[in-house]
Structure formats: structure tokens, C-alpha cells
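Asks: Take a look at the following structure, please.
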Amino acid sequence: MPTPVNGRLHKGLVLAIACAAVVLLTVDLTVLHLAIPKLISDLDPSATQILWIADIYGFVLAGLLITMGSVGDRIGRKKLLLIGTVAFAGASLLTAYAPNAEILIVARVLLGAAGATIMPSTLSILRNVFTDPKERTAAIGLWSGMSASGFVLGPIIGGALLNNFWWGSVFLINIPILLVLFIAALLVLPESRNPRPGRLDWPSVVLSTGGVIGLVYAVKEAAHGGVDQPKVWAAAAVGAVALAVFVVRQTKLTHPLIDVRLFRRAAFSGAVCANLFAMFAMVAQSLIFSQYFQLVLDWSPLKAGLAGLPGAAASAVGGGALAAPLITAIGRGRTVGLGLGLGALGLALYTTAGMESNYLMLVVAMVPVGVGFGMAFAVTGDTVLATVPKERAGSGAAISETAMEVGGALGIAVLGSALNSAYTSGLDMPEGVPDSAVPAIEDSIASAVQVASSLPADLAAQVVEAARHAFVDAFHLSALVAAGVMAMVAVVSLVSLRNVPKVIEEEEPGDEPAVPLTTTR
Numbered sequence: 033m034p035t036p037v038n039g040r041l042h043k044g045l046v047l048a049i050a051c052a053a054v055v056l057l058t059v060d061l062t063v064l065h066l067a068i069p070k071l072i073s074d075l076d077p078s079a080t081q082i083l084w085i086a087d088i089y090g091f092v093l094a095g096l097l098i099t100m101g102s103v104g105d106r107i108g109r110k111k112l113l114l115i116g117t118v119a120f121a122g123a124s125l126l127t128a129y130a131p132n133a134e135i136l137i138v139a140r141v142l143l144g145a146a147g148a149t150i151m152p153s154t155l156s157i158l159r160n161v162f163t164d165p166k167e168r169t170a171a172i173g174l175w176s177g178m179s180a181s182g183f184v185l186g187p188i189i190g191g192a193l194l195n196n197f198w199w200g201s202v203f204l205i206n207i208p209i210l211l212v213l214f215i216a217a218l219l220v221l222p223e224s225r226n227p228r229p230g231r232l233d234w235p236s237v238v239l240s241t242g243g244v245i246g247l248v249y250a251v252k253e254a255a256h257g258g259v260d261q262p263k264v265w266a267a268a269a270v271g272a273v274a275l276a277v278f279v280v281r282q283t284k285l286t287h288p289l290i291d292v293r294l295f296r297r298a299a300f301s302g303a304v305c306a307n308l309f310a311m312f313a314m315v316a317q318s319l320i321f322s323q324y325f326q327l328v329l330d331w332s333p334l335k336a337g338l339a340g341l342p343g344a345a346a347s348a349v350g351g352g353a354l355a356a357p358l359i360t361a362i363g364r365g366r367t368v369g370l371g372l373g374l375g376a377l378g379l380a381l382y383t384t385a386g387m388e389s390n391y392l393m394l395v396v397a398m399v400p401v402g403v404g405f406g407m408a409f410a411v412t413g414d415t416v417l418a419t420v421p422k423e424r425a426g427s428g429a430a431i432s433e434t435a436m437e438v439g440g441a442l443g444i445a446v447l448g449s450a451l452n453s454a455y456t457s458g459l460d461m462p463e464g465v466p467d468s469a470v471p472a473i474e475d476s477i478a479s480a481v482q483v484a485s486s487l488p489a490d491l492a493a494q495v496v497e498a499a500r501h502a503f504v505d506a507f508h509l510s511a512l513v514a515a516g517v518m519a520m521v522a523v524v525s526l527v528s529l530r531n532v533p534k535v536i537e538e539e540e541p542g543d544e545p546a547v548p549l550t551t552t553r
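Quick note on our numbering: the sequence shown kicks off at 33 and runs consecutively.
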């Protein structure tokens with residue numbers, strides 16, 4: 033039975049702990065990219081090792097979310113969060129002091145596994161603590177907003193540390209925060225678990241982990257080297273087959289890892305799909321925006337991170353303050369549609385970004401993106417968790433988080449590929465560039481800037497100017513593509529979630545989820 037939580041203060045402390053934990057995870061996703069230049073000079077990794085150092089954390093995190101969500105339902109969400117906090121601290125220490133690239137890759141694997149225990153635990157704890165629908169929506173909205181803010185805080189924290197310390201400091205800073213988080217969680221968080229969980233099905237664990245990692249690996253490799261690579265198709269095939277077998281197996285188990293019948297509910301499947309496509313646009317554009325600030329406007333990582341704060345604040349407002357009242361006023365489907373529509377508008381306004389800084393106009397674009405996606409994530413996250421019985425909250429949270437991880441990877445692959453293609457085709461190569469330098473200049477703006485540093489001053493200035501022009505044009509194209517996708521998803525969400533009730537009633541344990549959760553009222 034869940035430990036009861038009484039009082040506004042106690043609930044507020046639970047929410048603060050959950051938000052702090054998820055911010056730490058998202059910050060950790062971003063700081064590594066800032067540390068890579070210094071890391072390369074210290075550890076001298078190969079090109080392949082650099083890719084694994086950057087990507088393995090996300091692979092393991094995405095692959096283990098479903099398993100860890102189900103484990104939390106079985107052993108207790110608080111217990112799993114405490115275990116994950118200790119493991120994350122240990123892995124952070126190993127990462128910070130890794131003596132070579134091989135140890136660093138192992139440490140990143142451990143960080144991903146630990147992160148997979150923390151993320152679904154926080155959401156499922158909120159699901160069990162905030163039982164009032166309005167409070168639950170606001171809590172999940174604030175959690176979503178804080179999760180998004182981690183992508184902004186990462187460059188700020190990382191930039192400040194790297195300006196003064198060695199690359200390992202960006203991971204070492206986790207440890208005192210995790211110590212405070214562990215003590216607070218131990219004292220404050222309630223325990224909850226499924227009273228009738230059944231045995232953990234290990235074949236399902238292998239199938240779900242292998243399936244998700246296979247698909248995410250295929251998508252990321254396609255983004256790095258194109259879709260014509262045999263390993264991309266092989267990984268995609270393995271992932272798809274594993275997930276297909278996994279789904280069939282779940283329908284035959286008395287105690288499945290996840291209840292796939294939930295996808296027959298319009299509320300659940302519609303919300304999960306909206307989450308996936310919202311992350312598709314948000315993560316990719318966030319990374320592209322960061323490149324624009326640093327490589328076109330020539331801002332430092334710290335300044336670029338600070339520049340993103342209005343968007344993060346807007347996301348917290350949209351999710352934490354606006355989502356719940358809007359559900360009451362206009363319903364879930366319209367709120368999600370409105371949020372994604374605002375996001376599409378903001379993405380379209382990114383096309384005002386130019387070669388010169390016009391920060392006020394960029395803020396005008398960032399605010400609707402932040403407010404809109406904040407609203408959408410709050411409602412879709414709340415809808416997913418409210419649709420799932422409390423006893424299986426961990427599994428429901430894990431499905432939602434897995435969809436978001438896959439959506440983010442797809443966004444980077446698709447929108448990143450569109451950006452790179454537009455950049456290469458739109459690049460006006462200056463005369464006099466050595467033939468040996470042309471492939472690197474055409475590859476990306478980052479490599480163009482790096483190559484330019486070895487050219488004569490006049491030619492270098494021309495190369496950088498041409499690369500920046502091509503990148504800005506490509507940025508505009510990717511923003512319009514993302515805006516178009518979001519506009520379509522807004523319409524689909526408006527239709528698919530239109531009959532989902534404003535208040536989703538609690539289910540009793542054992543209720544069958546086979547009937548779609550809709551209402552004709």
C-alpha cells in the first residue's frame with residue numbers, strides 16, 4: 033500500500049525532489065557535448081570512441097526505461113529511486129576520473145542505466161502522490177517544464193565549470209547534489225508499489241531493451257552517416273523484430289512488463305504519439321539553436337545557455353500554471369492542440385534569425401515554443417499517467433519516456449539530416465579554397481570554422497562567412513519543416529484527444545484497459 037502524503041508542504045517537497053532529479057538527468061545529457069573538446073585532448077579517443085562516448089548514455093537510458101519502470105512497480109518506486117541515485121553518483125565519480133576512453137564508455141553505460149531508474153520513478157511517484165486531477169496536471173506540468181530547463185541549464189553550468197576546471201568537473205558536480213537528493217528522498221518520499229506485481233519476465237526485458245536500443249541506434253547512425261549504411265538497416269531490422277516479438281509476448285503473459293492493451297485507448301495512444309512528435313521537434317531545434325548561437329553569432333557556451341532561459345521559463349509557466357486551468361476550460365484535446373499550435377508558430381518565427389543578433393525577436397519566438405510545448409507535455413504526460421492504474425504507474429511513465437527518447441533521436445536524425453543537406457547544397461564555396469579542405473567545409477559549419485582557422489586570414493573570413501550564410505538558410509528550412517510537422521500533429525491531437533474527458537477517473541486495480549478511454553459528452 034502507498035505511504036500516505038498529507039499537507040501542501042509535504043506534497044511540495046515531493047514535487048521539488050522529483051523536479052531536481054529530472055533536471056539533473058537532462059543537464060547530464062547536455063554537458064558532455066561541451067566537455068568533448070577538452071576530453072579529446074586529455075584521453076585521445078578514436079573517432080569511433082568519441083561517438084560511443086556521446087551516444088551510449090542515451091542508448092542505455094532509452095533501452096532500460098521500460099524495464100526499470102516495471103521494476104519500480106514491483107520493488108517500490110522510492111526504493112528504485114534511492115538505488116538509482118547512489119548508482120548515478122558512483123557512475124558520475126567514475127566518469128569524472130576516467131583514465132582512458134574505454135573506462136569512460138563503461139562509466140557512461142552505468143550512468144545511462146542509473147538514469148533509467150530515476151526518470152520513471154519520479155513520474156510514477158508524482159502519479160501516486162497527486163491524486164487530485166488539477167494538482168496532478170500542474171505537478172506533471174512543472175516536472176515537464178523543469179525537465180526542459182535542464183537542456184538550458186546544462187550549457188550554463190557546463191560553460192561556467194569548463195572555464196575554470198578540467199572536463200571531469202561537469203560530472204563531479206553531480207555528487208553533492210545527489211547526496212542532498214538521496215537524503216531528502218529518504219526522509220520525504222512515500223513508498224508505493226504494485227501489491228500484485230507478479231514475476232519479472234526476463235525474456236521480455238531482453239526483447240524490450242534490445243528492440244529499443246536497436247531502433248535508437250539505427251536512427252542515430254543514420255543521422256551520423258546516412259541511411260544507406262548496412263548497419264543502419266540491420267539494427268533497424270533487429271530492433272523492429274525484437275519489439276514485435278515483445279508485443280506479442282506481452283499479450284500472452286499473466287503479468288506482462290507493460291500492458292500493450294493500453295494502446296487501444298485513444299487517450300493513451302494519442303498522448304504518447306503527441307509526446308513523441310513534440311520531442312521530435314523540440315530536441316532537434318534546441319541543438320540547432322545552440323549551434324546558431326555559438327557558430328553564427330559567435331557566443332560562448334555560457335552566453336548561449338543564458339540566452340535560452342526565457343524559453344525554459346516559458347515552458348515551466350505553460351506546464352505548471354496554464355495547463356490545468358485550460359483543461360477545465362476547453363478540454364484536453366484542445367489544450368494539446370493549442371499548445372502544439374503555439375509551438376509551431378514559434379518554430380516558424382525562428383526563420384527571423386539572421387546573421388546578426390536580434391535577441392528580442394528570438395525571445396518572441398522562444399516564448400510561444402516554451403509555453404506551447406510546456407502545455408502539451410503537461411497534458412499528454414498527465415493523460416498517460418491518469419489512464420494507467422496507480423499500481424502500474426512506473427510502466428506507464430516508462431512508455432511515455434521511451435516515446436520521448438525515440439522522438440528526440442528521430443528529430444535529430446530527420447531534421448539534422450535536412451539541415452546538413454540544405455547546408456551543403458546552399459554553401460557558396462569561396463575561390464581559392466584547397467581541394468583537401470572542401471569536404472570538411474561542406475560537412476558542417478563546425479568543421480568549416482575549424483578548417484578556416486588553418487587558412488590565410490582573408491580566405492578564412494570568406495569561408496566562415498559563407499558557412500554562416502548557408503547554415504542560417506538551412507536553419508530556416510529545418511525550422512519550417514519542424515513547424516509543419518507540429519502543425520499537423522496539433523490537428524491530429526485535436527481530433528484524437530477530443531473525446532478524452534477533462535477529469536480521468538481513478539481505476540481500481542484489475543480494471544481492464546481494453547475499452548478506449550473516451551467520452552461522448
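The beta-carbon is built from N, C-alpha and C at its ideal position, and this holds for glycine as well. Please read all numbers here as calculations on a predicted model, not as lab measurements.
Let me know if M557 comes out buried or exposed under the rule of 16 or more other beta-carbons within 10 Å of its beta-carbon.
Replies: Shown here, the chain extends from 33 to 553; a query on residue 557 therefore has no answer.
Asks: Check whether the region 300-307 and the region 394-413 are in contact - that is, three or more C-beta pairs closer than 8 Å.
Replies: Flag = yes, the region 300-307 and the region 394-413 touch.
Asks: Is DSSP giving I536 helix, strand or coil here?
Replies: It is coil, neither helix nor strand.
Asks: Taking all protein chains shown into account, do 16 or more other C-beta atoms lie within 10 angstroms of the C-beta of W199, making it buried, or fewer, making it exposed?
Replies: So W199 counts as buried.
Asks: Considering only residues of the same chain and omitting the five flanking positions on each side of A397, which have a CB-CB separation below 6 Å?
Replies: Contacts found: G378, L381 and Y382.
Asks: Are three or more beta carbon pairs between the region 256-265 and the region 204-220 nearer than 8 Å?
Replies: Because the criterion of three Cβ pairs below 8 Å is not met, the region 256-265 and the region 204-220 do not touch.
Asks: Using alpha carbons as the reference points, say which of H287, L219 and T163 lies closest to I536.
Replies: Checking every option, the nearest Cα to that of I536 belongs to T163.
Asks: Cutting at 6 Å between CB atoms, please list the residues of its own chain near A627, excluding the five before and the five after it.
Replies: Given that the chain is displayed from residue 33 to residue 553, the structure contains no residue 627 and the question cannot be resolved.
Asks: Compare the C-alpha of I98 against each of V465, M314 and A429 and name the closest.
Replies: Residue A429 is the option with its Cα nearest to I98.
Asks: Three or more C-beta pairs closer than 8 Å, one from the region 413-428 and one from the region 151-163: is that the case here?
Replies: As far as the Cβ criterion goes, the region 413-428 touches the region 151-163, which means the pair count is three or higher.
Asks: Please classify F278 as buried or exposed, where buried requires at least 16 other C-beta atoms within 10 Å of its C-beta.
Replies: Its Cβ being crowded by 16 or more others within 10 Å, F278 is buried.
Asks: Need the endpoints of the alpha helix (DSSP H) that Y382 sits in, please.
Replies: Segment: none, Y382 is in no alpha helix (DSSP H) and carries neither H nor E.
Asks: Between the region 122-138 and the region 92-110, do at least 3 Cβ pairs fall closer than 8 Å?
Replies: Verdict: no, contact absent.
Asks: Roughly how many angstroms separate the alpha carbons of G375 and Q323, rounded to a whole number?
Replies: Approximately 20 Å, taken between the alpha carbons.
Asks: For A180, which of R109, D291, K335 and T58 has the nearest alpha-carbon?
Replies: When each option's Cα is compared against that of A180, the closest is T58.
Asks: Is A255 near I444, with beta carbons less than 9 Å apart?
Replies: Closer than 9 Å, so yes.
Asks: My guess is that L221 and A52 are in contact by the Cβ rule of under 8 Å, so how many angstroms apart are they, rounded?
Replies: Between A52 and L221 the Cβ distance is about 12 Å, and since that is not below 8 Å, they are no contact.
Asks: Are the region 490-508 and the region 285-302 touching by the rule of at least three beta carbon pairs closer than 8 Å?
Replies: No, the region 490-508 does not touch the region 285-302.
Asks: When the Cα atoms are used, what is the spatial distance from V496 to P466?
Replies: Each residue's alpha carbon lies about 15 Å from the other.
Asks: Cα separation between V403 and A511?
Replies: Looking at the two C-alpha atoms, the distance is approximately 17 Å.
Asks: Rank A469, V55, K534 and F91 by C-alpha distance to the C-alpha of I137 and give the top, closest one.
Replies: Comparing Cα positions, the closest option is F91.
Asks: Measuring only the C-alpha atoms, how far is L45 from R293?
Replies: Using only the alpha carbons, I get a separation of about 34 Å.
Asks: Rounded to whole angstroms, what's the CA-CA distance from H501 to R40? Just pull it up for me.
Replies: Going from the Cα of H501 to the Cα of R40 covers about 53 Å.
Asks: If you drop the 5 nearest sequence neighbours on each side, which residues of the same chain put their C-beta closer than 7 Å to that of I107?
Replies: Here the set comprises R225.
Asks: So, is N160 buried or exposed, given that buried needs 16 or more other C-beta atoms within 10 angstroms?
Replies: So N160 counts as buried.
Asks: Mapping DSSP to helix, strand and coil, what is K284?
Replies: K284: coil per DSSP, three-state reduction.
Asks: Taking all protein chains shown into account, do 16 or more other C-beta atoms lie within 10 angstroms of the C-beta of N22, making it buried, or fewer, making it exposed?
Replies: The structure shown has nothing for residue 22, since the chain only spans 33 to 553.
Asks: Between which two residues does the alpha helix (DSSP H) harbouring G242 extend?
Replies: Its alpha helix (DSSP H) spans residues W234 to G257.
Asks: Thinking just about the alpha-carbon of each residue, which of F507, G516, A435 and A454 is nearest to the one in V248?
Replies: When only C-alpha atoms are compared, the closest one is A435.
Asks: Quick one: which unbroken alpha helix (DSSP H) runs of 4-plus residues sit fully inside the region 256-323? Chain order, please.
Replies: Entirely contained in the region 256-323, the alpha helix (DSSP H) runs reaching 4 residues are, in chain order, 262-282 and 298-323.
Asks: Tell me the start and end of each unbroken alpha helix (DSSP H) in the region 71-126 that is at least 4 residues and wholly inside, in chain order.
Replies: You should have 79-107.
Asks: Here's the rule: buried if 16 or more other CB atoms are within 10 angstroms of the residue's CB, otherwise exposed. What is S486?
Replies: S486 is exposed by the Cβ-count criterion.
Asks: Once you ignore the five residues that flank P342 on each side, which residues in its own chain have a CB closer than 8 Å to its CB?
Replies: So the qualifying residues of the chain are V395, M398, V399 and G402.
Asks: May I have the straight-line CA-CA distance separating M387 from D330, to the nearest angstrom?
Replies: The straight-line gap from Cα to Cα measures roughly 10 Å.
Asks: Helix, strand or coil for G200? Go by DSSP, reduced to three states.
Replies: G200 falls in the coil class under three-state DSSP.
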